[in-house]
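A.B. asks: Starting off with a structure, shown below.
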Amino acid sequence: MKVDDPNWHSRVEAPFEAGPPDGIAWDDAADVVVVGLGGAGICAALEALHQGARVIAIDRFGGGGATRMSGGVYYSGGGTRYQKAAGVEDDAEQMYRYLKMEVADAVADETLRHFCETSSESIDWLARHGVRFDGALSPVKTSYPGAGRFLYYSGNEAQADYADHARPAQRGHRVVGDGLTGHRFFDPLLQAALDMGLKLYGYSEARRFILSDDGGIAGIQIQHVDAASSSAAKLGKIARKFARASTLLFPSIAERLVREANGISDRDGATRSIRIDKAVVLAAGGYIHNRKMVAHYAPRYTGAIPLGSIGCDGSGIRLGQSVGARTDRLDNISAWRQFNPPAAFPTGIVVNGRGERFVAEDCYGGKIGHHIAEDQGGVAYIILDDRLRRRALTEAMPGKGKLFRLQGAPALMGLFLSAKRAATLEALAARCGMDPAALRASVEHYNRSSAGLEEPRFRKHPDFVGEIVEPPFHAVDISIHNRKYLCPSISLGGIVVDEKTGQALDEAGRPIPKLFAAGKNAKGLSSHRYVSGISLADCVYSGRIAGRSASR
Numbered sequence: 023m024k025v026d027d028p029n030w031h032s033r034v035e036a037p038f039e040a041g042p043p044d045g046i047a048w049d050d051a052a053d054v055v056v057v058g059l060g061g062a063g064i065c066a067a068l069e070a071l072h073q074g075a076r077v078i079a080i081d082r083f084g085g086g087g088a089t090r091m092s093g094g095v096y097y098s099g100g101g102t103r104y105q106k107a108a109g110v111e112d113d114a115e116q117m118y119r120y121l122k123m124e125v126a127d128a129v130a131d132e133t134l135r136h137f138c139e140t141s142s143e144s145i146d147w148l149a150r151h152g153v154r155f156d157g158a159l160s161p162v163k164t165s166y167p168g169a170g171r172f173l174y175y176s177g178n179e180a181q182a183d184y185a186d187h188a189r190p191a192q193r194g195h196r197v198v199g200d201g202l203t204g205h206r207f208f209d210p211l212l213q214a215a216l217d218m219g220l221k222l223y224g225y226s227e228a229r230r231f232i233l234s235d236d237g238g239i240a241g242i243q244i245q246h247v248d249a250a251s252s253s254a255a256k257l258g259k260i261a262r263k264f265a266r267a268s269t270l271l272f273p274s275i276a277e278r279l280v281r282e283a284n285g286i287s288d289r290d291g292a293t294r295s296i297r298i299d300k301a302v303v304l305a306a307g308g309y310i311h312n313r314k315m316v317a318h319y320a321p322r323y324t325g326a327i328p329l330g331s332i333g334c335d336g337s338g339i340r341l342g343q344s345v346g347a348r349t350d351r352l353d354n355i356s357a358w359r360q361f362n363p364p365a366a367f368p369t370g371i372v373v374n375g376r377g378e379r380f381v382a383e384d385c386y387g388g389k390i391g392h393h394i395a396e397d398q399g400g401v402a403y404i405i406l407d408d409r410l411r412r413r414a415l416t417e418a419m420p421g422k423g424k425l426f427r428l429q430g431a432p433a434l435m436g437l438f439l440s441a442k443r444a445a446t447l448e449a450l451a452a453r454c455g456m457d458p459a460a461l462r463a464s465v466e467h468y469n470r471s472s473a474g475l476e477e478p479r480f481r482k483h484p485d486f487v488g489e490i491v492e493p494p495f496h497a498v499d500i501s502i503h504n505r506k507y508l509c510p511s512i513s514l515g516g517i518v519v520d521e522k523t524g525q526a527l528d529e530a531g532r533p534i535p536k537l538f539a540a541g542k543n544a545k546g547l548s549s550h551r552y553v554s555g556i557s558l559a560d561c562v563y564s565g566r567i568a569g570r571s572a573s574r
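Be aware that the sequence shown starts at 23, since it is given in my numbering, and climbs by one per residue.
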């Protein structure tokens with residue numbers, strides 16, 4: 023790919039041919055170089071180190087990426103020790119049957135089966151490296167388990183249509199700790215890798231590949247800021263600011279921080295060339311913070327809020343493309359319309375811009391967001407009566423601890439900043455630009471089906487079945503573009519790889535020598551639809567495969 027290609031939206035540069043590798047003045051060398059030290063990168067590094075390889079990791083900041091910022095939910099099943107301790111019945115076949123509905127054809131059936139069959143071993147592997155899990159069950163269906171709860175339904179497992187195909191089981195394993203626990207997932211793995219001899223080039227941008235005279239990958243050129251310098255301290259401060267909620271609320275802050283970080287790297291960084299003796303693993307995360315890439319590949323989601331680390335800029339994907347790697351499903355974005363808590367929200371109904379119901383409200387937020395963006399023009403509302411609204415306010419109000427405030431805050435924003443009310447359904451429809459007859463028909467059918475008088479069009483768990491009868495009526499705007507009720511989003515697709523080895527493939531399906539990809543840099547388990555925990559699980563699964571293969 024040429025640098026002036028209109029699709030080239032990153033700081034990655036075209037590779038250059040430097041001649042025979044022996045004639046290049048290398049600053050360092052390793053058997054395996056890992057680009058991006060988040061969840062996939064650290065797992066690839068650990069596996070390569072276990073194989074006896076010399077490993078160098080390159081990270082834009084200090085390591086961790088989106089994994090460290092995350093909720094620390096890891097999708098695992100098939101009868102893990104934590105499921106057994108909680109009395110949860112599960113096996114690999116039921117896990118496969120459920121995940122097939124979420125993963126579809128993003129990976130081969132053989133790959134998905136292998137993932138399910140080795141899931142219990144993988145979570146034990148994490149535990150051996152210091153990651154702590156627990157079997158304390160969440161007593162209710164929720165988007166994220168509260169204090170002291172670490173095992174829950176993290177996707178659509180218990181939703182009626184899915185439960186018809188596979189026995190429901192709680193598979194979302196949250197790392198032990200208070201609040202968001204992504205740092206408790208990543209930090210032990212990083213320490214284990216450092217103890218084994220991992221060499222980390224932090225505060226370094228991977229800019230371009232260095233090619234030998236035969237066109238093969240010989241090394242990589244980075245822009246490196248000395249970790250002991252004041253410039254590195256400034257970059258660390260920028261990364262911490264980027265992880266704050268205010269950055270999620272105000273994308274202009276994120277853009278300013280990116281510009282500051284880029285300026286520091288350009289001004290204070292020094293070019294370094296690292297020789298790659300065996301292989302390079304691209305594991306630099308998704309592209310959601312590269313808004314030009316979002317606009318090009320997934321324009322329906324430009325109104326959603328980007329969720330990820332400052333390094334989720336597509337640079338790893340672009341590095342792969344620069345040497346001919348094929349990509350797939352870059353148009354897939356997961357935009358979450360999570361609204362439980364409060365449980366009163368999924369007890370209401372979700373309608374489109376015409377007033378028609380189109381989804382079961384107790385589905386996972388990513389599924390709801392997908393239908394809103396792809397099928398409904400990005401526009402949707404939650405319809406509540408006054409009783410449900412009062413209940414929603416009570417359920418979303420701040421409770422004890424930071425986590426509950428984090429969960430309830432978006433719903434409160436929706437209720438106070440993005441809701442319309444009216445004395446009748448017809449008046450509410452007029453205020454929202456809906457067809458009054460369509461909205462009334464949707465509500466009346468829902469009420470009749472809740473009373474057992476008609477078959478429901480969209481089945482829900484009994485916990486979320488109710489009626490909409492008490493005026494005034496309310497419509498909470500959950501449209502994808504509504505910045506007053508945030509809709510977070512992440513990118514899903516990536517480089518096409520050989521699923522047994524993680525080796526990148528070119529446009530003709532041939533393996534590219536020395537090039538591997540994992541996590542959000544690769545098309546994998548989470549590239550079709552997202553459920554909580556599947557991204558970390560894919561990072562571990564694909565990262566370990568790529569690390570083992572690269573070291574050989």
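Ideal placement from N, C-alpha and C gives every residue a C-beta, glycine not left out.
Every value quoted in this text rests on a predicted model; they were computed, and no experiment measured them.
Strictly under 8 angstroms for the Cβ-Cβ distance: is Arg351 near chain D by that measure?
C.D. replies: Protein chain content of the structure displayed is limited to a single chain, and chain D is not contained in it.
A.B. asks: Just the C-alpha distance for Gly163 and Arg409, rounded to the nearest angstrom, thanks.
C.D. replies: Working through the sequence shown from its first residue, we reach residue 163 at position 141. Working through the sequence shown from its first residue, we reach residue 409 at position 387. Before going on, a small fix: residue 163 reads as Lys here, not Gly. Cα to Cα, Lys163 sits roughly 21 angstroms from Arg409.
A.B. asks: Work out the CA separation of Leu329 and Arg278 for me, nearest whole Å.
C.D. replies: Here residue 278 refers to the residue found at position 256 when the sequence shown is read from its first residue. Here residue 329 refers to the residue found at position 307 when the sequence shown is read from its first residue. So the two alpha carbons sit approximately 16 angstroms from each other.
A.B. asks: Under 8 angstroms, do Ile232 and Leu537 count as touching if we go by C-beta distance?
C.D. replies: On the sequence shown, position 210 is the one that residue 232 refers to. On the sequence shown, position 515 is the one that residue 537 refers to. For Ile232 and Leu537, no; Cβs fall outside 8 angstroms.
A.B. asks: Tell me which residue opens and which closes the alpha helix (DSSP H) that Ser252 is part of.
C.D. replies: Here residue 252 corresponds to residue number 230 of the sequence shown, with the count starting at 1. Element bounds for Ser252: 252 to 264.
A.B. asks: To which residues does DSSP link His195 through a beta bridge?
C.D. replies: Within the sequence shown, the letter at position 173 stands for residue 195. Bridge partners of His195: Tyr96, Leu173.
A.B. asks: Just the Cα atoms here: how many angstroms apart are Lys545 and Leu447?
C.D. replies: Counted from its first residue, the sequence shown places residue 545 at position 523. Counted from its first residue, the sequence shown places residue 447 at position 425. Going by the C-alpha atoms only, they are around 45 angstroms apart.
A.B. asks: Does DSSP classify Gln525 as helix, strand or coil?
C.D. replies: As a working mapping, residue 525 is identified with position 503 in the sequence shown. Note: Gln525 maps to strand in three-state DSSP.
A.B. asks: Let me check understanding here. Comparing Cα to Cα, which of Arg193, Met91, Ala306 lies closest to Gly58?
C.D. replies: By 1-based counting over the sequence shown, the position of residue 58 is 36. Comparing Cα-Cα distances from Gly58 to each of Arg193, Met91, Ala306, the minimum goes to Ala306.
A.B. asks: How is the beta strand (DSSP E) around Asp299 delimited, first residue to last?
C.D. replies: Here residue 299 is taken as the residue at index 277 of the sequence shown, counted from 1. First-last of the beta strand (DSSP E) with Asp299: 292 to 304.
A.B. asks: May I ask you to list the residues that DSSP assigns as paired with Leu159?
C.D. replies: As a working note, residue 159 is residue 137 in the sequence shown. Residue pairing from DSSP places Leu159 in a beta bridge opposite Leu173.
A.B. asks: Among the residues of its own chain, which have a CB less than 8 angstroms from the CB of Gly430, if the five just before and after it don't count?
C.D. replies: As a first step, residue 430 must be located in the sequence shown, where it is residue number 408. The beta carbon of Gly430 sits closer than 8 angstroms to those of Pro363, Pro364, Glu417, Ala418, Met419, Pro420, Gly421, all from its chain and outside the five residues before and after it, given in chain order.
A.B. asks: Could you spell out where the alpha helix (DSSP H) holding Lys122 opens and where it closes?
C.D. replies: In the sequence shown, the residue the question calls residue 122 occupies position 100. Where Lys122 is concerned, the enclosing alpha helix (DSSP H) stretches over 114 to 125.
A.B. asks: Let's test the definition: count the other Cβ atoms within 10 Å of the Cβ of Met218 and tell me whether it reaches 16, buried, or not, exposed.
C.D. replies: Position 196 of the sequence shown holds residue 218. Exposed is the call here.
A.B. asks: I believe Val77 touches Ala108 by the beta-carbon criterion, under 8 angstroms. Please report the beta-carbon distance rounded to the nearest angstrom.
C.D. replies: Taking the sequence shown and counting its residues from 1, one reaches residue 77 at position 55. Taking the sequence shown and counting its residues from 1, one reaches residue 108 at position 86. Their Cβ separation, rounded to whole angstroms, is 36 angstroms, which puts Val77 and Ala108 out of contact at 8 angstroms.
A.B. asks: Please classify Tyr468: does DSSP put it in a helix, a strand, or coil?
C.D. replies: Stepping through the sequence shown from its first residue, residue 468 is reached at position 446. Reduced to three states, the DSSP call for Tyr468 is helix.
A.B. asks: Measure from the alpha carbon of Asp407 to the alpha carbon of each residue in Asn469, Thr349, Ser268, then state which is nearest.
C.D. replies: Along the sequence shown, read from residue 1 onward, the residue named residue 407 stands at position 385. The shortest Cα separation from Asp407 among Asn469, Thr349, Ser268 belongs to Asn469.
A.B. asks: Measuring only the C-alpha atoms, how far is Ala292 from Lys259?
C.D. replies: Translated into the one-based positions of the sequence shown, residue 292 becomes position 270. Translated into the one-based positions of the sequence shown, residue 259 becomes position 237. Going from the Cα of Ala292 to the Cα of Lys259 covers about 20 angstroms.
A.B. asks: Give the DSSP-derived three-state secondary structure of Ser440 in the structure shown.
C.D. replies: Taking the first residue of the sequence shown as 1, we reach residue 440 at position 418. Ser440: coil per DSSP, three-state reduction.
A.B. asks: Put Phe495 into one of helix, strand or coil per three-state DSSP.
C.D. replies: Walking along the sequence shown from the start, residue 495 turns up at place 473. Phe495: strand per DSSP, three-state reduction.
A.B. asks: Based on the DSSP output, what are the partners of His246 in its beta bridges?
C.D. replies: For the purposes of this step, residue 246 is taken as the residue at position 224 of the sequence shown. In DSSP, His246 forms a bridge with Ser226, Ala292.
A.B. asks: Among Asp112, Ser554, Arg348, which has the Cα closest to the Cα of Pro533?
C.D. replies: As a first step, residue 533 must be located in the sequence shown, where it is residue number 511. Ranking Asp112, Ser554, Arg348 by Cα distance to Pro533 puts Arg348 first.
A.B. asks: Please work out which residues of its chain come closer than 6 angstroms, Cβ to Cβ, to Arg294, disregarding the five sequence neighbours upstream and downstream, and give them in chain order.
C.D. replies: Numbered from 1 along the sequence shown, position 272 holds the residue referred to as residue 294. Excluding sequence neighbours, Arg294 sits near Asp49, Ile244, His246.
A.B. asks: DSSP three-state call for Gly325: helix, strand or coil?
C.D. replies: In the sequence shown, residue 325 corresponds to position 303, counting from 1. Of the three classes helix, strand and coil, the one that applies to Gly325 here is coil, per DSSP.
A.B. asks: Specify, as a first and last residue, the run of the beta strand (DSSP E) that Asp53 falls within.
C.D. replies: Locating residue 53 in the sequence shown gives position 31, where the first residue counts as 1. Looking at the DSSP string, the run of the beta strand (DSSP E) that includes Asp53 is 50 to 57.
A.B. asks: Alpha carbon to alpha carbon, what distance is there between Asp200 and Phe426?
C.D. replies: For the purposes of this step, residue 426 is identified with residue 404 of the sequence shown, where counting begins at 1. For the purposes of this step, residue 200 is identified with residue 178 of the sequence shown, where counting begins at 1. Any reading at Phe426 must be qualified, since the residue scores a pLDDT of 46, below 50, and its modelled position is unreliable; the value itself is stated next. Whole-angstrom Cα-Cα distance: 11 angstroms.
A.B. asks: Out of Ala214, Asp113, Glu124, which has the shortest C-alpha to C-alpha gap to His12?
C.D. replies: Here the chain comprises residues numbered 23 to 574, so residue 12 is not present and cannot be evaluated.
A.B. asks: Whole angstroms are fine: how far does the CA of His187 sit from the CA of Leu134?
C.D. replies: As a working mapping, residue 134 is identified with position 112 in the sequence shown. As a working mapping, residue 187 is identified with position 165 in the sequence shown. Taking the straight line joining both Cα atoms gives about 16 angstroms.
A.B. asks: Please state if the CB of Gly87 and the CB of Val303 are separated by a distance shorter than 8 angstroms.
C.D. replies: Within the sequence shown, numbered from 1, the residue matching residue 303 stands at position 281. Within the sequence shown, numbered from 1, the residue matching residue 87 stands at position 65. Contact: no.
A.B. asks: Assign Pro631 to one of three DSSP states: helix, strand, or coil.
C.D. replies: The requested residue 631 is not part of the displayed model; the chain covers only 23 to 574.
A.B. asks: Who does Val372 pair with in a DSSP beta bridge?
C.D. replies: Within the sequence shown, numbered from 1, the residue matching residue 372 stands at position 350. Per DSSP, Ile404.
A.B. asks: Given a cut-off of 8 angstroms on the beta-carbon distance, is the pair Gly177 and Ser554 in contact?
C.D. replies: Taking the sequence shown and counting its residues from 1, the one referred to as residue 177 is at position 155. Taking the sequence shown and counting its residues from 1, the one referred to as residue 554 is at position 532. Taking 8 angstroms as the Cβ cut-off, Gly177 and Ser554 qualify as a contacting pair.
A.B. asks: In terms of residue numbering, what span does the alpha helix (DSSP H) encompassing Ile609 cover?
C.D. replies: Because the chain here runs from 23 to 574, residue 609 falls outside it and cannot be looked at.
A.B. asks: Taking the straight line between their C-alpha atoms, what separation do you get for Ala473 and Gly60?
C.D. replies: On the sequence shown, position 451 is the one that residue 473 refers to. On the sequence shown, position 38 is the one that residue 60 refers to. Near 49 angstroms, if we compare the C-alpha coordinates of Gly60 and Ala473.
A.B. asks: Can you tell me whether Val519 is helix, strand or coil according to DSSP?
C.D. replies: Here residue 519 corresponds to residue number 497 of the sequence shown, with the count starting at 1. Note: Val519 maps to strand in three-state DSSP.
A.B. asks: Might you give, ordered along the chain, the residues of its own chain that have their beta carbon closer than 7 angstroms to the beta carbon of Val125, omitting 5 neighbours on each side?
C.D. replies: For the purposes of this step, residue 125 is identified with residue 103 of the sequence shown, where counting begins at 1. The residues are Leu134, Leu547, His550.
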